[in-house]
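Input: a single structure, listed below in structure tokens.
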Amino acid sequence: MNTNGRYGIHGGQYIPETLMNAVMELDAAYRKFKDDPDFNRELTDLFNNYAGRPSRLYYAEHVTKDLGGAQIFLKREDLNHTGAHKINNVLGQMLLAKHMGKTRVIAETGAGQHGVATATVAAMMGMECEVFMGREDCERQALNVYRMRLLGAKVHPVDTGTATLKDAVSATFREWTTRIADTHYVLGSVMGPAPFPEIVRDFQAVISKEIKQQLHDLCGKLPDAVIACVGGGSNAIGSFYNFINDPSVRLIGCEAAGRGIDTNETAATISTGKLGIFHGMKSYFCQDEYGQIAPVYSISAGLDYPGIGPEHAYLHDIGRAEYVAITDDEAVEAFEYLSRTEGIIPAIESAHAVSYAMKIAPKMSKDQIIVITISGRGDKDVAAIARYKGENLYE
Amino acid sequence: MNSIREAFQNGKAFIPFITCGDPTLETTKKLAIAMEEAGADIIELGIPFSDPTAEGPVIQDANIRALSNHITTDDIFAMVADLRKEVKVPLVFMTYANVVFSYGTEKFASECKRIGICGLILADVPFEEKKEFSSVCDKYGVDLISMIAPTSNDRIAVIAREAKGFLYCVSSLGVTGIRTDITTDVGAMISNAKKNTDIPCAIGFGISTPEQATEMASKSDGIIVGSAIVKICAKYGENCVPYVAEFVKTMKKAIS
Numbered sequence: 000m001n002t003n004g005r006y007g008i009h010g011g012q013y014i015p016e017t018l019m020n021a022v023m024e025l026d027a028a029y030r031k032f033k034d035d036p037d038f039n040r041e042l043t044d045l046f047n048n049y050a051g052r053p054s055r056l057y058y059a060e061h062v063t064k065d066l067g068g069a070q071i072f073l074k075r076e077d078l079n080h081t082g083a084h085k086i087n088n089v090l091g092q093m094l095l096a097k098h099m100g101k102t103r104v105i106a107e108t109g110a111g112q113h114g115v116a117t118a119t120v121a122a123m124m125g126m127e128c129e130v131f132m133g134r135e136d137c138e139r140q141a142l143n144v145y146r147m148r149l150l151g152a153k154v155h156p157v158d159t160g161t162a163t164l165k166d167a168v169s170a171t172f173r174e175w176t177t178r179i180a181d182t183h184y185v186l187g188s189v190m191g192p193a194p195f196p197e198i199v200r201d202f203q204a205v206i207s208k209e210i211k212q213q214l215h216d217l218c219g220k221l222p223d224a225v226i227a228c229v230g231g232g233s234n235a236i237g238s239f240y241n242f243i244n245d246p247s248v249r250l251i252g253c254e255a256a257g258r259g260i261d262t263n264e265t266a267a268t269i270s271t272g273k274l275g276i277f278h279g280m281k282s283y284f285c286q287d288e289y290g291q292i293a294p295v296y297s298i299s300a301g302l303d304y305p306g307i308g309p310e311h312a313y314l315h316d317i318g319r320a321e322y323v324a325i326t327d328d329e330a331v332e333a334f335e336y337l338s339r340t341e342g343i344i345p346a347i348e349s350a351h352a353v354s355y356a357m358k359i360a361p362k363m364s365k366d367q368i369i370v371i372t373i374s375g376r377g378d379k380d381v382a383a384i385a386r387y388k389g390e391n392l393y394e
Numbered sequence: 000m001n002s003i004r005e006a007f008q009n010g011k012a013f014i015p016f017i018t019c020g021d022p023t024l025e026t027t028k029k030l031a032i033a034m035e036e037a038g039a040d041i042i043e044l045g046i047p048f049s050d051p052t053a054e055g056p057v058i059q060d061a062n063i064r065a066l067s068n069h070i071t072t073d074d075i076f077a078m079v080a081d082l083r084k085e086v087k088v089p090l091v092f093m094t095y096a097n098v099v100f101s102y103g104t105e106k107f108a109s110e111c112k113r114i115g116i117c118g119l120i121l122a123d124v125p126f127e128e129k130k131e132f133s134s135v136c137d138k139y140g141v142d143l144i145s146m147i148a149p150t151s152n153d154r155i156a157v158i159a160r161e162a163k164g165f166l167y168c169v170s171s172l173g174v175t176g177i178r179t180d181i182t183t184d185v186g187a188m189i190s191n192a193k194k195n196t197d198i199p200c201a202i203g204f205g206i207s208t209p210e211q212a213t214e215m216a217s218k219s220d221g222i223i224v225g226s227a228i229v230k231i232c233a234k235y236g237e238n239c240v241p242y243v244a245e246f247v248k249t250m251k252k253a254i255s
């Protein structure tokens, strides 16, 4: 491997020897294709004509008026095909996998958005697809399980550990060690061993590339703040990436505090975790004093992960990005607020970002601009939110 | 206390694996003593980890059983210090990077030296990441044991050249667990490794029967058996000691 896959002290390749040649093969393929004009033309074509890019940058006039401070723009990743930013990474990785001669893909999923995106592209590209999903998440997101099956994927419920996203990731890594030659692991976030954090970031960086251009066209300037939710952190790094060298732009990642960062029922890694090594990378993880990974919790299945991508850990270390924690209650309030005020139902993950904007926008001036990435649509969450509010609604 | 090298001088080595604290640390201690008596040449002690990504279901469950009893790394060190007084065979730890890293690699390695642990296997630390651990282990005379796998190909030479203690040869693709068939050409892997190192090579992953033991031992300097033993521990719990001892005796005989 040419690059060492490090972001400051974070990142690396902490994986069993059995997988090393697989990630090195992936790295070599990525170096070969990342700047290849034909590959990029093909990818842009898929982005535009299959996923529906560029996604809209919408001026949320009613929210702006109501909050009475900074102008609020919404980056509408929820309008992508399959309803979330996940498709960007999936199209990129699967095109790469196809060029590598792989015929089968495997993926983990939390909320089901990444699994659905992978199953969708597998159907379109004629690849075999198997998705690993925590048993608890299968129950929380039953519709997405059926959606994946409808698309021709096989869904494996994962019963180990906490039966959520981290266990799904472990199960997918285990599956990959049993079958490597024809199989690519479509990792869904900016995490895992190098080169995954870099590959996923590069395919998601289209988000900030578009924001920059669109805002320039609309207002002729840079945003003052970009806010995105962070689990592993793929939509956040995609939203931040092209602004990292613009120091005037505040980059704010919103972690899931669950029932609060002073409780055990939280998934806020930067707020409550410490440095560790897990799932192939060195980064911050929620863990106990002996390094046992903590059973994290959030109302949002997509943010319910005990770690954070290594580049976020680095941006935190150097103070370039800020990471804040948003509770379930705050996220649900923002979920309802955006629905009622702007007629846009955000994913409960994205609602964490909306919530923080609601806190800071009123304190900012009217000529300032906040961009919130709406990473996904909230249809998948409606029944769960209804139950959270005490209604007896099941899908 | 014998060295890892000495452990391979008495014919083919038999290396059993158990998870510390499965189901109690007292059982672990009794098991180690009984396994030495039954012919084990090195004993591999697993320090449980919440998310053991290289393990199949049998050892995953053992990790859960141990952790649900709130076994900690410090408890295991105390048990091993005690055990060391009663067994002569080399003891090696097997665990995951985060268990060592979060304890403090320096403190972990110095504890290993103090209690008489002579080797450390980290399932999620490949060649590229080993320096951060091996530089510290070397200081305390603890061998960081390297692994090669069926997918290692041209990496085998590089890994073997720097390997210490013994070289852990993974018999097949996938995670730990019992296999009815081992189809990899392990012999070729090992002869490749032997061109680059003179340390012993032991085969692990998937070995559960005396027949497999005989065959794998014929291609190597020793064999490592984990899941088959942990399965007996799961079945008999605290009463597993005589059953495990009997199994170890049978397996040692099969490779003698």
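Line by line, the protein sequences are chains A and B.
Note that the first sequence covers residues 0 to 394 in numbering that gives the first Met the number 0.
Note that the second sequence covers residues 0 to 255 in numbering that gives the first Met the number 0.
Ideal placement from N, C-alpha and C gives every residue a C-beta, glycine not left out.
None of these values were measured; they are calculated from a predicted model.
Query: So residue 275 of chain A and residue 97 of chain B are supposed to be a Cβ contact under 8 Å. How far apart are they, rounded?; Result: 5 Å
Query: Show which residues of chain A have a CB atom less than 9 Å away from the CB atom of residue 188 of chain B.; Result: Neighbours of residue 188 of chain B on chain A: none; closest Cβ ~12 Å, over 9 Å.
Query: Comparing C-alpha positions only, which one of A:5, A:142, A:45 sits nearest to residue 124 of chain A?; Result: A:45
Query: Is the beta carbon of residue 283 of chain A closer than 7 Å to that of residue 272 of chain A?; Result: yes
Query: Looking only at DSSP bridge pairs, what is residue 240 of chain A linked to?; Result: DSSP lists no partner for residue 240 of chain A.
Query: Taking only the alpha-carbon atoms, compute the straight-line gap between residue 181 of chain B and residue 208 of chain A and give it to the nearest angstrom.; Result: 50 Å
Query: Identify every residue that forms a DSSP beta bridge with residue 183 of chain A.; Result: A:104
Query: Taking Cβ-Cβ distances below 7 Å as the criterion, which residues of the stretch 97-121 of chain B are in contact with chain A?; Result: 97, 98, 100, 101, 102
Query: Measuring alpha carbon to alpha carbon, tell me which residue in B:176, B:48, B:198 is nearest residue 223 of chain B.; Result: B:176
Query: Under 7 Å between the Cβ atoms of residue 252 of chain A and residue 204 of chain A?; Result: no
Query: Which of the three DSSP states, helix, strand or coil, is assigned to residue 1 of chain A?; Result: Reliability fails at residue 1 of chain A, whose pLDDT of 38 lies under 50, so the model's placement of it is uncertain and the value that follows must be treated cautiously. Residue 1 of chain A falls in the coil class under three-state DSSP.
Query: Can you give me the C-alpha to C-alpha distance between residue 6 of chain A and residue 210 of chain B, rounded to a whole angstrom?; Result: 48 Å
Query: Does any heavy atom of the ligand HEM sit closer than 6 Å to the C-beta of residue 290 of chain A?; Result: Although the ligand HEM was asked about, the structure shown includes no ligands whatsoever.
Query: Quick one: using the 10 Å Cβ neighbour count with 16 as the cut-off for buried, is residue 1 of chain A buried or exposed?; Result: With a pLDDT of only 38 at residue 1 of chain A, under the threshold of 50, the placement of this residue in the model should not be trusted; the figure read from the coordinates follows. That one is exposed.
Query: For residue 190 of chain A, which three-state DSSP category applies?; Result: coil
Query: Determine the DSSP secondary structure at residue 265 of chain A, reduced to helix, strand or coil.; Result: coil
Query: Pick out whichever of A:234, A:107, A:128 has its Cα sitting closest to the Cα of residue 431 of chain A.; Result: Any property of residue 431 of chain A remains undetermined from this structure, which presents chain A solely from 0 to 394.
Query: Report the start-end ranges of each alpha helix (DSSP H) in the stretch 90-130 of chain B that is 4 residues or longer and not cut off at the edges.; Result: 96-102, 104-114
Query: Could you check whether the stretch 112-123 of chain A touches the stretch 76-90 of chain A, counting it as contact only if at least three pairs of C-beta atoms, one from each stretch, sit closer than 8 Å?; Result: yes
Query: Report yes if the C-beta distance between residue 128 of chain A and residue 104 of chain A is below 7 Å; otherwise report no.; Result: yes
Query: Inspect the beta-carbon positions of residue 146 of chain B and residue 167 of chain B and report whether they are closer than 7 Å.; Result: yes
Query: Can you name the residues that DSSP bridges to residue 142 of chain B?; Result: B:118
Query: Quick one: what's got a C-beta closer than 7 Å to residue 268 of chain A's C-beta in the same chain, skipping five residues either side?; Result: 254, 283, 284, 285, 305, 306, 307
Query: Pull up the distance between the alpha-carbon of residue 369 of chain A and that of residue 224 of chain A, whole angstroms please.; Result: 5 Å
Query: If you draw a straight line from the alpha carbon of residue 26 of chain B to that of residue 71 of chain B, how long is it in whole angstroms?; Result: 15 Å
Query: Tell me which same chain residues have a C-beta within less than 6 Å of the C-beta of residue 234 of chain A, skipping the five on either side of it?; Result: 84, 227, 372, 374
Query: DSSP three-state call for residue 326 of chain A: helix, strand or coil?; Result: strand
Query: Distance check for residue 93 of chain B and residue 18 of chain B, CA to CA, integer angstroms please.; Result: 9 Å
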